[in-house]
Structure formats: C-alpha cells, structure tokens
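Input: a single structure, listed below in structure tokens.
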Amino acid sequence: NGGFPTGAWHFWKSHGLTTEDKYPYVFPPCEHHTNGTHYKPCGASKPTPKCQRKSEAKPRYHGKSVYSVPEAHIMEEISTYGPVEGAFTVFKDFLTYRSGVYKHTAGEELGGHAIKIMGWGTEGGEDYWLVANSWNEDWGDMGTFKILRGKDECGIESNVVAGLPSTTGPVARAA
399 NGGFPTGAWH FWKSHGLTTE DKYPYVFPPC EHHTNGTHYK PCGASKPTPK CQRKSEAKPR
459 YHGKSVYSVP EAHIMEEIST YGPVEGAFTV FKDFLTYRSG VYKHTAGEEL GGHAIKIMGW
519 GTEGGEDYWL VANSWNEDWG DMGTFKILRG KDECGIESNV VAGLPSTTGP VARAA
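For the sequence shown, this note's numbering begins at 399 and goes up steadily by one.
If you want it as structure tokens, here you go:
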C-alpha cells in the first residue's frame, strides 16, 4: 500500500534525501496493466520493505518549504518552479488508457495513485493536464497521459503538493 504525497514531501524537508546511487530503488521494472514487450508482468503485489528512517549516505538534500497548491495556481507553480506532484483516484477504465484526454466513464474504483503533473494544454476543445505516470514507457502514451483539466477529474486538482529546496547545503554549493 502506498501513502500520501504530503508525507513524503515533509520527510524530505525534515530528514533530507540522498541520491539513488547512494540509496537504490529496490523494485525491478515490470509491466503495469499492459501487454508490453520490455519487462516481465509485475505479478502479485509484494510487501513494501520497511522504510529506513536513517541513512548514513551523504550528501543529503533537504527541502525548505512544502505546500499544497490550489487548482487556481497549478499552472503558475509549474511555469515558475517545474512539475508538481498530484494524486487522483484510479478507476478500471484508466488501466487501458492509450491516448486522448482521459475522463472516467466506466469501471470500479481501484484506489489512489500519486503522479507528476508536468504541463497542460487543449486537445479537441478539451483542456487537460499532461501527467507522467510511474508505470513505465509501455503504458499509456509513452508513460504519460492527459486528464481533463478544470473539472477536478478523479480528484486530480484536489491533491497537489510541491516544495522548494533548501538554499543551504549541497544544493546551494552545487549552484
């Protein structure tokens, strides 16, 4: 089971994060909800490893601020600082998305899902958010999807969070 995006952002602010080469991701790539050709199917869910609250890896990068982004300010936030994190409710019809602007039409609720909102646009007269999914490049439109914008489709505009990095420490020295 997952968690809540704001919790991850607050962890970043309070405890800092290190780079993947110092603390690698433990799950191998797999196919999510598609008959792709790059990876093996994900199969049954495996328990999430216990979170390690302490790592000796250095350097650690901290956040300065973490905040919710109201719908009216999502575009400004992306334009100014880059992508934001969102969460939305996944329904069964989303699993087979390939292209176009997604709008839930059929199928049961499957749960919540965290994603990266990267931009916006209009296609065929419909406003949309451009979103990166974490299910790999075989899913959707090369791992991305468009979802209806301005109507809080599946709660996409209700759970948006972002943050700013600390201006001291490794980030500031690298600049």
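All C-beta atoms in this analysis are idealised placements derived from N, C-alpha and C, irrespective of residue type, glycine included.
- Here DSSP, grouped into helix, strand and coil, assigns G484 to strand.
- In this structure, the CA atom of G505 is about 20 Å from the CA atom of N531.
- S463: member of the beta strand (DSSP E) spanning G461 to S466, first to last residue.
- Put simply, of S466, I545 and H460 the residue whose alpha carbon is nearest the alpha carbon of G522 is I545.
- DSSP lists Y526 as the beta-bridge partner residues of G519.
- Taking a C-beta distance under 9 Å as the contact criterion, V464 and W518 do not qualify as a contact pair.
- Per DSSP, the continuous beta strand (DSSP E) segment holding P563 begins and ends at V559 to P563.
- The Cβ atoms of W527 and I515 lie closer than 9 Å to each other.
- Between H502 and C440, the C-beta gap is not smaller than 9 Å, which leaves the two residues out of contact.
- The Cβ atoms of G484 and E555 sit closer than 9 Å to each other.
- G538 is classed as buried because its beta carbon has at least 16 other beta carbons within 10 Å across all chains shown.
- For F409, the enclosing alpha helix (DSSP H) starts and ends at P403 to H413.
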